[in-house]
Amino acid sequence: MKFFLVIISLLLSVSHSFGQTLSATQDYRSNKDKEHDLSTFKGSQYLEDDFKLSIVQDKLTNKETKLYLRYDVYSDTFERKVTPTSSSHTFLEKAYGVEVLYNSRSFTYTNFSDKNNNSIIGYIEYIGNYDSNSYFIKHEKTLRLPEKAPNPQVPDKAGKISDDYYFLISDKTGKKPLDVTKRNIYDLFANEDKDAIKNILKENKLKFKDPLDLKIFLKNLNK
């Protein structure tokens with residue numbers, strides 16, 4: 104009897120330990136952020152630092168709401184205010200099928216494949232279409248954590264927030280990453296006249312090192 108009680112006690116202990124681990128794992132990102140005040144980092148976690156008058160569209164109910172929003176790219180959330188002078192903000196609820204017209208830029212909350220071909224859900228920016236395909240940008244932010252200087256006479260190295268992004272194409276198979284460069288653009292749009300593509304690149308000085316370069320390219324290609 105004592106043997107069984109010991110076994111049960113061990114099982115409960117293991118179960119409790121796994122529960123704590125899962126909880127800590129699920130909350131890892133928020134705990135990690137609490138350890139570092141991002142306001143002290145160089146760079147910004149936001150797409151734009153100011154709140155912008157925006158329109159939130161619920162495609163399921165056809166309801167539109169005007170709000171002042173700011174897109175926190177790092178946490179992939181929209182902060183919201185009812186008026187631009189509000190002292191505090193809340194967060195826009197994430198829901199599949201919601202589209203956000205933010206400062207004349209269109210974002211949708213949907214599922215897609217990320218750079219590592221993992222299926223995830225989040226906000227992506229619509230930038231145009233060509234033929235039967237649609238194109239998007241997934242905005243990201245990367246952190247370089249602060250570093251303590253080895254010598255007290257040298258200042259510590261501040262943390263840094265950097266911009267990152269990748270393109271997505273939406274076709275019959277879903278939304279998936281798309282590598283776009285100045286070299287492969289001719290292959291990606293092989294049905295178009297090469298001289299026409301060359302002129303668009305030259306006139307707009309497009310090198311696809313800016314997230315909006317593909318948007319400019321598609322706009323000119325569809326003229």
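In short: position in the sequence shown from 1, add 103, done, that's this note's numbering.
Even glycine gets a Cβ: it sits at the ideal position worked out from N, Cα and C.
All values reported here derive from a predicted model rather than from experimental measurement.
Please report how far the alpha carbon of residue i lies from the alpha carbon of residue j, in whole angstroms.
i      : j      : result
GLU196 : SER207 : 20 Å
SER209 : GLU167 : 14 Å
SER191 : LYS184 : 7 Å
PHE292 : PHE320 : 11 Å
ASP259 : ASP179 : 29 Å
TYR238 : LYS318 : 8 Å
LYS218 : SER273 : 14 Å
TYR233 : SER157 : 26 Å
THR186 : PRO255 : 46 Å
LYS275 : SER222 : 16 Å
TYR226 : ASN323 : 25 Å
GLU243 : LEU315 : 14 Å
ILE303 : LYS241 : 24 Å
GLY231 : ALA252 : 46 Å
LYS285 : TYR269 : 15 Å
ILE264 : LYS312 : 18 Å
TYR177 : ASP153 : 16 Å
Can you tell me whether residue i is helix, strand or coil according to DSSP?
i      : result
ASN236 : strand
LEU182 : Checking the displayed sequence, the identity of residue 182 turns out to be Glu instead of Leu. Note: GLU182 maps to strand in three-state DSSP.
GLU250 : strand
LEU309 : coil
LYS145 : strand
LEU271 : strand
PHE215 : strand
LEU315 : coil
PHE320 : helix
LYS301 : helix
LYS285 : coil
GLU228 : strand
LYS241 : strand
ASP296 : coil
ASP266 : strand
LYS326 : coil
From the beta carbon of residue i, is the nearest beta carbon of chain D less than 7 Å away?
i      : result
TYR226 : Among the chains of the structure shown, chain D does not appear; only one protein chain is present.
So residue i is in the beta strand (DSSP E); what residue range does that whole segment cover?
i      : result
LEU277 : The sequence as given places Gly at residue 277; Leu does not occur at that position. GLY277 -> beta strand (DSSP E) spans 277-281.
Taking the continuous alpha helix (DSSP H) assigned at residue i, which residues delimit it?
i      : result
ASP140 : Run containing ASP140: none; DSSP gives neither H nor E here.
ASP290 : 288-291
Regarding residue i and the ligand FAD, is the C-beta to nearest heavy atom distance less than 6 Å?
i      : result
ASP298 : Summarising the ligand content, the structure contains no ligands, and the ligand FAD is consequently not present.
Any chance the region 289-309 sits against the region 243-251, with 3 or more Cβ pairs inside 8 Å? With contact defined as three or more Cβ pairs closer than 8 Å, the region 289-309 and the region 243-251 are not in contact.
Unbroken stretches of the beta strand (DSSP E), 3 residues or longer, contained in the region 148-213: Complete beta strand (DSSP E) runs here, min 3: 155-161, 166-175, 180-184, 201-205.
Would you check if the region 272-281 and the region 170-180 touch, i.e. whether three or more CB-CB distances between them fall below 8 Å? no
Are there three or more Cβ pairs, one per stretch, closer than 8 Å when the region 209-221 is compared with the region 138-145? Touching, no, given that fewer than three Cβ pairs across the two stretches are closer than 8 Å.
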